[in-house]
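Notes follow the structure.
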Amino acid sequence: MDDFGHRSGVALVLGASGGLGQATTRMLLERGSNVAMTYFRSANALEQLFSSAASCGRTAGSWQLDLADADRAAEVVTEVVAEFGAIHTLVYAAGPHVPMVHLSRVTPADFRRQLVDDATGFFNATHAALPHLRDSRGNIVAITTAATARFPVRDALSSTPKAAVEALIRAIAVEEGRFGIRANCVGPGMTTVGMAERLIDTGEIDSDALDITRANIPLRTFGDAEDIAEAVCFLASDRADFISGQKLDIDGGYGA
107 MDDFGHRSGV
117 ALVLGASGGL
127 GQATTRMLLE
137 RGSNVAMTYF
147 RSANALEQLF
157 SSAASCGRTA
167 GSWQLDLADA
177 DRAAEVVTEV
187 VAEFGAIHTL
197 VYAAGPHVPM
207 VHLSRVTPAD
217 FRRQLVDDAT
227 GFFNATHAAL
237 PHLRDSRGNI
247 VAITTAATAR
257 FPVRDALSST
267 PKAAVEALIR
277 AIAVEEGRFG
287 IRANCVGPGM
297 TTVGMAERLI
307 DTGEIDSDAL
317 DITRANIPLR
327 TFGDAEDIAE
337 AVCFLASDRA
347 DFISGQKLDI
357 DGGYGA
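Position one of the sequence shown corresponds to residue 107 (the numbering used here), numbered consecutively onward.
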């Protein structure tokens with residue numbers, strides 16, 4: 107399937123080094139897009155993606171980026187456009203590890219940090235990219251969470267900043283649609299990668315909690331990274347050219 111081979115420029119994937127970011131970047135490459143990738147600390151995680159780019163006959167580049175740094179975000183966007191000519195898609199796949207704690211135990215400092223790292227980080231990159239997305243009549247896809255539709259206990263520190271990202275996506279869809287820009291969200295439910303994987307690895311979710319979580323999903327299983335990447339690539343493609351301001355939850359029916 108070649109969804110992006112006809113497009114000039116590049117898909118800029120923010121947070122390409124994470125599990126969901128890697129899967130999305132790989133699928134974009136397989137479907138004909140060149141990619142620009144950002145990472146925060148894990149540059150080594152991109153090595154396989156450069157190999158995937160070579161095997162797909164596509165071009166890839168990488169940039170270190172702390173999204174909380176607005177000046178650096180603008181600098182990276184400028185460098186990406188200088189190297190690739192245009193940005194046709196902006197994918198937000200970044201996000202810090204967030205511990206699962208009851209809201210009553212979240213400190214104001216922790217709450218502020220999550221908002222800055224997630225919601226403000228998304229805004230910093232989007233603010234810098236919007237003029238270029240206007241030029242390309244491009245689109246934005248933000249990976250958020252299914253928890254903004256059905257709240258799981260102890261998830262406020264994660265879902266609240268993601269709700270802000272979703273509100274920004276709707277604002278962009280309404281205000282920037284006249285320039286041809288589309289903006290949508292993909293909301294992962296429980297998956298075997300990403301934050302869910304980290305929670306399992308750190309023991310914040312034990313086997314009993316996993317069984318309960320699985321039982322709350324109508325399909326009685328967890329999703330994987332490719333499920334999320336498929337949704338992102340669909341929304342970024344011309345097959346979704348009349349879809350904007352929407353959120354597609356990939357959650358096995360959890361929010362039904």
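Ideal Cβ placement from N, Cα and C applies to all residues, glycine included.
Please state if the CB of residue j and the CB of residue i are separated by a distance shorter than 8 Å.
i	j	result
Gly295	Ile318	no
Ala362	Val292	no
Phe217	Leu173	no
Gly351	Ala273	no
Ala117	His194	yes
His75	Val187	Because the chain here runs from 107 to 362, residue 75 falls outside it and cannot be looked at.
Val197	Phe228	no
Pro258	Leu221	no
Asp223	Pro202	yes
Ser139	Arg178	no
Got a sec? Which residues, its chain only, sit under 7 Å from residue i by beta carbon, not counting five neighbours each side?
i	result
Thr131	Val119, Ala122, Val141, Met143, Leu155
Glu395	With the chain running from 107 to 362 in the structure shown, residue 395 is simply not present.
Arg256	Tyr360, Gly361
Phe340	Ala346
Roughly how many angstroms lie between the CA atoms of residue i and residue j, to the nearest whole one?
i	j	result
Ser168	Tyr145	8 Å
Asp347	Ile275	16 Å
Val212	Arg260	10 Å
Gly244	Gly286	7 Å
Ala342	Asp314	37 Å
Ala234	Leu134	22 Å
Leu325	Thr232	35 Å
Ser210	Ile349	38 Å
Thr251	Glu153	27 Å
Glu310	Ala225	24 Å
Ala215	His208	15 Å
Asp312	Ala129	26 Å
Asp307	Arg147	19 Å
Can you list, in chain order, the residues of its chain whose CB lies under 8 Å from that of residue i, leaving out five sequence neighbours each side?
i	result
Leu126	Ala199, Ile249, Pro294, Thr297, Val299, Gly300, Ala331, Ile334, Ala335
Gly329	Pro294, Gly295, Met296, Thr297, Thr298, Ile356, Asp357, Gly358
Ser114	Gly191, Ala192, His194, Ser242
Arg320	Met296, Arg326, Thr327, Phe328
Ala149	Ser123, Ser168, Gln170
Arg240	Glu282, Phe285, Gly286, Ile287
Asp344	Asp109
In chain order, what residues of the same chain have a beta carbon less than 6 Å from the beta carbon of residue i, not counting five sequence neighbours either side?
i	result
Ala176	Asn230
Met107	Arg137
Leu166	Per the sequence shown, the amino acid found at residue 166 is Ala instead of Leu. Within the same chain, Ala166 has close Cβ partners Val141, Phe156, Ala159.
Ala253	Asp261, Ser265
Val183	Ala234, Ala235
Ala151	Ser123
Beta-carbon of residue i versus every beta-carbon of chain D: anything under 8 Å?
i	result
Leu221	Here chain D cannot be found, since the structure has a single protein chain.
Run through the segment 207-270 for me and flag every whole alpha helix (DSSP H) of 4 or more residues, listed as ranges in chain order. 214-220, 227-242
Along the chain, which unbroken stretches of the alpha helix (DSSP H) at least 4 residues long are found entirely within the segment 128-167? 153-162
Of all the alpha helix (DSSP H) runs that stay within the bounds of the segment 275-324, which reach a length of 4 or more residues? 301-307, 313-321
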